[in-house]
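Shown next, in structure tokens, is the structure this report addresses.
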Amino acid sequence: MEKTILGRLEWTLTIATPYVFLVHFIKASILDQEMENMVYFLAKLGMMHYANIMYCPSMVAASAVYVA
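Under my numbering, the first residue of the sequence shown is numbered 82, with each subsequent residue one higher.
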């Protein structure tokens, strides 16, 4: 039912992943290419460890930007 209504309104829903938040955080912080690559690397590294699954995707993305 909800999917039909959203389809009629031409809404598209996405799953919140760290990558979605990384795009916004990188645009907001204006990083050079090397730092941007480091942020993506750290985010991928953080997603690979099972213990990090309990953290929300925005926190994983924010921590990757902070550490880089």
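Note that beta-carbon positions come from the ideal geometry of N, C-alpha and C, so glycine has one too.
- Across the structure, P138 and D113 are spaced so that their CA atoms are roughly 23 Å apart.
- Distance from the CA of M135 to the CA of L90, rounded to the nearest whole angstrom, comes to 33 Å.
- Secondary structure note for N118: its alpha helix (DSSP H) is the uninterrupted segment 114 to 129.
- Only buried fits A142, as 16 or more other CB atoms lie within 10 angstroms of its CB.
- Separation of T98 and M82 (C-alpha to C-alpha, rounded to the nearest whole angstrom) is 25 Å.
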